[in-house]
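Heads up, the thing below is written out as structure tokens.
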Amino acid sequence: MKNGFSSVLKACAAAILLGVVLCVVGAAGGGSATLYPDWQSVFSVRWSLGKAEPAQLSFGAAQPDTVYSLNISCDAGEVTLRKGKEFAVHTNREDLVSAQLEGNTFTVSCTMGEGFWHADDVELTVTVPENAKLDQALLSVDAGELTAEQLSFEQLTCEVNAGSTKLDKISVAGASSLHIGVGELEAERLSTQDFSCTIDAGSAELNELECRGVSDVSVDLGQASLSGRFDDDVRLNVSTGGIELDAQRPAEYGYRLEAGTGSIEIDGQEFSGFGMEQTYQENAAVLFDISCDLGEVVVNFTDSAAPQPSRL
């Protein structure tokens with residue numbers, strides 16, 4: 161038994177000595193030791209040899225007559241996407257950022273690593289050439305913050321899980337598709353053809369939205385607030401959350417309404433009651449197709465034009 165116990169002590173001493181040696185080597189290489197919880201034991205110390213240093217990654221200017229795609233993924237930290245002279249990334253944490261221009265796709269990702277509570281200080285600025293033709297753009301945010309400003313795309317897909325996203329002066333020639341989990345999305349002056357926005361339990365606020373095609377907004381437990389101009393049909397669907405829409409009054413509009421135990425208000429007229437169904441001018445140029453289960457939908461018109469007569 162003594163020999164066995166002695167062997168265990170020797171093994172523990174060797175492990176401690178190895179840990180000390182790794183710490184010395186890591187410190188000499190510029191790394192930093194961090195204490196992380198480990199479900200296999202009470203605590204374990206892991207050493208990261210990646211250096212937490214600033215970096216600038218440059219990929220050159222846009223080539224003439226070349227169409228590019230953009231893929232930005234943000235697990236943590238603060239990401240700013242804007243125009244610049246070239247495809248480039250500036251960051252204060254080289255160890256948590258990766259970027260590449262492969263073919264015609266510019267991909268940038270910021271990961272939280274193992275110690276996600278230390279990733280709040282990660283900052284990076286992503287630039288794309290001002291003259292670059294951008295086809296598809298995929299913006300994905302997990303627990304970080306992403307801001308995109310003054311950019312033009314053919315197609316836009318934006319996924320916001322538990323983080324937050326701000327869009328400012330974004331122009332989309334085709335369709336825009338937004339999905340919010342439990343995070344937040346804010347947009348100012350988004351111009352697009354078709355528009356879709358799905359919200360689970362998060363929130364979305366879109367001001368001065370310009371939608372030239374069909375708009376489709378669906379809310380489960382979350383909240384959506386939209387204002388702007390809608391040139392084609394508007395579809396609003398609510399489970400237990402809420403939607404408030406302030407729109408420029410169409411020259412002609414109609415509506416198709418369905419409600420469970422929720423309520424719908426459009427142009428000052430309130431509709432409620434279990435199993436309520438109402439229709440009015442379904443062949444109008446702009447149709448508001450609204451369904452509301454347990455929540456609330458409010459549609460206001462922001463100009464002073466005379467409202468259409470009540471159909472109650």
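Taking our numbering, the leading residue of the sequence shown gets 161, the next gets one more, and so forth. Beta carbons are placed, not taken as given, at the ideal position from N, Cα and C, and that holds for glycine. None of these values were measured; they are calculated from a predicted model.
Short check: CB of Glu412 to CB of Arg389, under 9 Å? No, Cβ-Cβ distance for Glu412 and Arg389 is not below 9 Å.
My output table needs one value for Asp354: the three-state DSSP class, helix, strand or coil. Residue state, collapsed to three classes: coil.
For Gly402, report the span of its beta strand (DSSP E) as first-last. Under the DSSP assignment, Gly402 falls in the beta strand (DSSP E) whose first and last residues are 402-407.
Could you work out which residue in Ser432, Asp302, Ala221, Gly334 is closest to Ser312 when comparing CA atoms only? It is Gly334 whose Cα lies nearest to the Cα of Ser312.
Using only the alpha-carbon positions, how far apart do Val379 and Glu348 sit? Distance between the alpha carbons of Val379 and Glu348 is about 20 Å.
Which of the three DSSP states, helix, strand or coil, is assigned to Met272? In this structure, Met272 counts as coil in the three-state DSSP scheme.
Strand pairing of Lys243, partner residues [DSSP]: Partner(s): Val288.
Given the structure, does Gly263 come close to the ligand GDP, in the sense that its CB is under 8 Å from one of the ligand's heavy atoms? Here there are no bound small molecules, and the ligand GDP is not part of this structure.
Note down the Cα distance separating Asp295 from Ala419, rounded to an integer number of angstroms. Each residue's CA atom was taken as its position, placing Asp295 and Ala419 some 39 Å apart.
Pick helix, strand or coil for Glu348, following the three-state DSSP scheme. Glu348: strand per DSSP, three-state reduction.
Element boundaries [beta strand (DSSP E), containing Ser399]: Premise fails: Ser399 is in no beta strand (DSSP E) and is neither H nor E.
How would you label Phe434, buried or exposed, when you count the other beta carbons within 10 angstroms and need 16 or more for buried? Label assigned to Phe434: exposed.
Around the Cβ of Glu442, are there at least 16 other Cβ atoms within 10 angstroms (buried) or fewer (exposed)? Answer is exposed; the Cβ neighbour count stays below 16.
With 16 other CB atoms within 10 Å as the buried threshold, where does Glu305 fall? Buried is the call here.
Figure out for me which residue from Ala259, Asn231, Glu238, Arg242 has the closest Cα to the Cα of Gln216. Among Ala259, Asn231, Glu238, Arg242, the Cα nearest to that of Gln216 is on Ala259.
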